[in-house]
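Have a look at the structure below before the remarks.
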Amino acid sequence: MCFATRMWRWAFARQAFQHLNASRIQIRIPKVSVNTLQSPQSFVCLVPQISGLSMNQRFFSQNSVEPTHSESQIIDSTTEDSIHEVSMHSSACIDEYESANDASLDGGPPAESLEEDGGMEMDDSVSYFEQFGKERDERNWQMLEEVRSILQSSADESFESRLGSLDFHLNDEFVIKLIQTPHVLGENLIRFYRWTQKNYISYRYTTPVLESLALALCSGLKKKEIYSLWDIIMEINKQDNCAVNVEIFNKMIASFSKLGKGKAAFEAFGSLEEFSFKPNADTYYYTIEALCRRSFFDWAWTVSEEMVYTQRIPDADKVGKIISWFCKGINAKAAHAVYVAARENKQHPPKSSINFLIGQLCKDNETVKLALEMLDDIPEEVKKRAINPYSAVVQALCRIKDVDAAKQLILKMIADGPPPGNAVFNYVITGYSKVGEMGQALEMMKLMETRGLKPDVYTYTVVISGYINGGEMEQACNVLTEAKKKHSQLSPVSYHTLIRGYCKLEQYDKALELLAEMKEFGVRPTVDEYEKLIQSLCLKALDWQMAEKLQEEMKENGLYLKGITRALVRAVKEMEKEVLETEKGSLVA
1 MCFATRMWRW
11 AFARQAFQHL
21 NASRIQIRIP
31 KVSVNTLQSP
41 QSFVCLVPQI
51 SGLSMNQRFF
61 SQNSVEPTHS
71 ESQIIDSTTE
81 DSIHEVSMHS
91 SACIDEYESA
101 NDASLDGGPP
111 AESLEEDGGM
121 EMDDSVSYFE
131 QFGKERDERN
141 WQMLEEVRSI
151 LQSSADESFE
161 SRLGSLDFHL
171 NDEFVIKLIQ
181 TPHVLGENLI
191 RFYRWTQKNY
201 ISYRYTTPVL
211 ESLALALCSG
221 LKKKEIYSLW
231 DIIMEINKQD
241 NCAVNVEIFN
251 KMIASFSKLG
261 KGKAAFEAFG
271 SLEEFSFKPN
281 ADTYYYTIEA
291 LCRRSFFDWA
301 WTVSEEMVYT
311 QRIPDADKVG
321 KIISWFCKGI
331 NAKAAHAVYV
341 AARENKQHPP
351 KSSINFLIGQ
361 LCKDNETVKL
371 ALEMLDDIPE
381 EVKKRAINPY
391 SAVVQALCRI
401 KDVDAAKQLI
411 LKMIADGPPP
421 GNAVFNYVIT
431 GYSKVGEMGQ
441 ALEMMKLMET
451 RGLKPDVYTY
461 TVVISGYING
471 GEMEQACNVL
481 TEAKKKHSQL
491 SPVSYHTLIR
501 GYCKLEQYDK
511 ALELLAEMKE
521 FGVRPTVDEY
531 EKLIQSLCLK
541 ALDWQMAEKL
551 QEEMKENGLY
561 LKGITRALVR
571 AVKEMEKEVL
581 ETEKGSLVA
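Residue numbering for the sequence shown is 1 to 589, as defined by UniProt numbering.
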């Protein structure tokens, strides 16, 4: 076989092998017998056939009509004389084959002629590009299981090298399936991301892929992995990639909240401006949650203000949680602002959150009226059982001495519900008694009775105290008499109030009578009654003898007088003795 023949065959085989690696098409190299190549003409006639194969776009779409660079080098390496000789003897044959190649480019020869002329095997039903893509996809999915096994293994130094030994193509579906593989360490997912960024520069992570990655890393709830996700998001932002969206940020902020990283969540919330994102309702919710968990209520309030201003309000349940967090942080005004915004969006927070907010508003005198307004928002079907918030508002109104408003609220409760009980009436009766409007207090007592309610001992005690504060001891005694008729046993507080009133008026005999009446009525006197009487007897009546009797009576009942009161009794006794001795000395003189 001549040298030129061998060179041409070698050049053809090399180029065909290169196209085989690129397209995965099985090409059988034609077998050329030695007899065929005995004459230069026969060899040269093969040359156009080879060129025709490289020019045929059905086989190799990337080849141009002109010889490749590698072919040119091979041809140049052949002696000029040999090539010149081949060209001189084969011009006619080349013309013949060029015309044949032109025909093949236009319509393409049948499969039989191709196999016969060039030794090629092909399937007319599937193009070679489709066959290449199908084979590549099949091979890629075979690689998927191998990559999965690497991701599921424990992290070690050979992780990147094992990935590098595999030949696979990256696309979104492939990467998402890898990320969604169960039992994969978050650290391995991060290392896989870093590795693909270095080795697959042309591949860009899209939004679905990043959402899957964020979900996988956040579900693990490990601090290091969540911070790595934040780094990845910031890197993608520098690449001017629009793949990051608000939902990815929400997953990250929610993870910071669960980890108790309120400052990190607040910083991530602030970085949304760099991405030109507008926070949605969930973004505000998760940020407020993270800050309130760490008691950063001032920062949470700034986020809440922005949420209310933009009217991006989360659902009713989440609004209820925000209200509860602010109430626990003693910021009822902030909670009320969130409540108002939710009501404007026709949302109804949970009943428990509303009751909590009303109770907190009632604790501050400045916000009691806000709580009163909130009662109108309670639905009718719920109002019949909403006794707790109504009671809290009535009590708060009486505390700020707006007893008339409390009375009107009770009348409204009687008409529309919830029905007021003894405690609610007692708040108003106490309020009127403290401001000295005893007529209104007695009117409320009568209203109680018309409602089928029986004034309790506390109610009578409050009215007695109101009369005593006004110096009306006779009316107070009348109320006590009525209380005895309605109740078999009274409270020591009722007697203590009267004893204190008589001591104030220096009517000690009546005070002692009440003390004796307590024992007869089954009410055991307490230290307070004895203390008040003994102090009044010593300081005003200077009757240390009666004080000592009461002190002995206390010992019999198992009660003990305070040291300062005992010292007061001794001091009065000694002072009286000194006065008597002084008087005797003056008489003798």
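Idealized CB from N, CA, C, for every residue including glycine.
Backbone CA spacing between residue i and residue j [nearest angstrom]
i    : j    : result
E574 : G470 : 37 Å
F266 : R343 : 27 Å
Q475 : L442 : 12 Å
D528 : A541 : 19 Å
T481 : K519 : 16 Å
L185 : D172 : 20 Å
N188 : D156 : 9 Å
L539 : I468 : 21 Å
D315 : A406 : 34 Å
L210 : Y284 : 21 Å
T302 : K369 : 24 Å
W141 : S276 : 38 Å
E581 : V428 : 57 Å
D402 : H336 : 22 Å
T181 : S219 : 13 Å
K485 : A511 : 21 Å
E437 : Q408 : 16 Å
G563 : G452 : 48 Å
W325 : A334 : 10 Å
K504 : D416 : 45 Å
M143 : C327 : 56 Å
Beta-carbon proximity list for residue i, same chain, < 7 Å, skipping 5 on both sides
i    : result
T461 : S491, V493, S494 and T497
S391 : A423 and V424
V572 : C538, L542 and W544
H348 : A316
V382 : K351
C398 : A406, Y427, V428, T430 and G431
Below-9 Å beta-carbon distance, residue i vs any chain C residue
i    : result
V435 : The structure shown contains no chain C; it holds only a single protein chain.
Whole-angstrom C-beta distance between residue j and residue i, which should lie under 8 Å
i           : j    : result
E225        : W195 : About 16 Å; that fails the 8 Å criterion.
I288        : A300 : 5 Å
V424        : I414 : Wrong, their Cβ atoms sit about 10 Å apart, outside the cutoff.
L537        : Y508 : 6 Å
residue 602 : L272 : No answer is possible for residue 602: it lies beyond the span of the chain, which begins at 1 and ends at 589.
A268        : W230 : 7 Å
Q360        : A341 : Actually they are not in contact, since the Cβ atoms of Q360 and A341 sit about 17 Å apart, beyond 8 Å.
R385        : P418 : 6 Å
L533        : L550 : 6 Å
Residue i burial status per 10 Å Cβ neighbour count (16 or more: buried)
i    : result
Y309 : exposed
I464 : buried
A567 : exposed
S353 : buried
V394 : buried
G431 : buried
L221 : exposed
V514 : The residue you asked about is not Val; residue 514 is Leu in the sequence shown. Per the 10 Å Cβ criterion, buried.
S212 : buried
F3   : The predicted model places F3 with a pLDDT of 49, which falls under 50 and marks its position as unreliable, so this point remains unresolved.
G164 : exposed
G262 : buried
A264 : buried
K346 : exposed
Contact set for residue i: own chain, Cβ-Cβ below 6 Å, skip 5 residues either direction
i           : result
residue 592 : This structure does not reach residue 592, given that the chain is present from 1 up to 589, and the question cannot be answered.
I445        : Inspection of the sequence shows that residue 445 is occupied by Met rather than by Ile. P455.
R570        : none
P389        : N355 and I358
G329        : F297
For residue i, the first and last residue of its enclosing alpha helix (DSSP H)
i    : result
Y495 : P492 to K504
K223 : K223 to K238
S158 : No alpha helix (DSSP H) holds S158; DSSP gives it neither H nor E.
N478 : M473 to K486
P389 : I387 to R399
Q197 : G186 to N199
D528 : V527 to S536
G320 : A316 to K328
G220 : T207 to G220
Q440 : M438 to T450
A415 : V403 to D416
H336 : A332 to E344
N245 : From DSSP, N245 is part of no alpha helix (DSSP H); its letter is neither H nor E.
Own chain partners of residue i with C-beta closer than 8 Å, once the 5 adjacent residues on each side are dropped
i    : result
H183 : Q152
E578 : none
I176 : P208, V209 and S212
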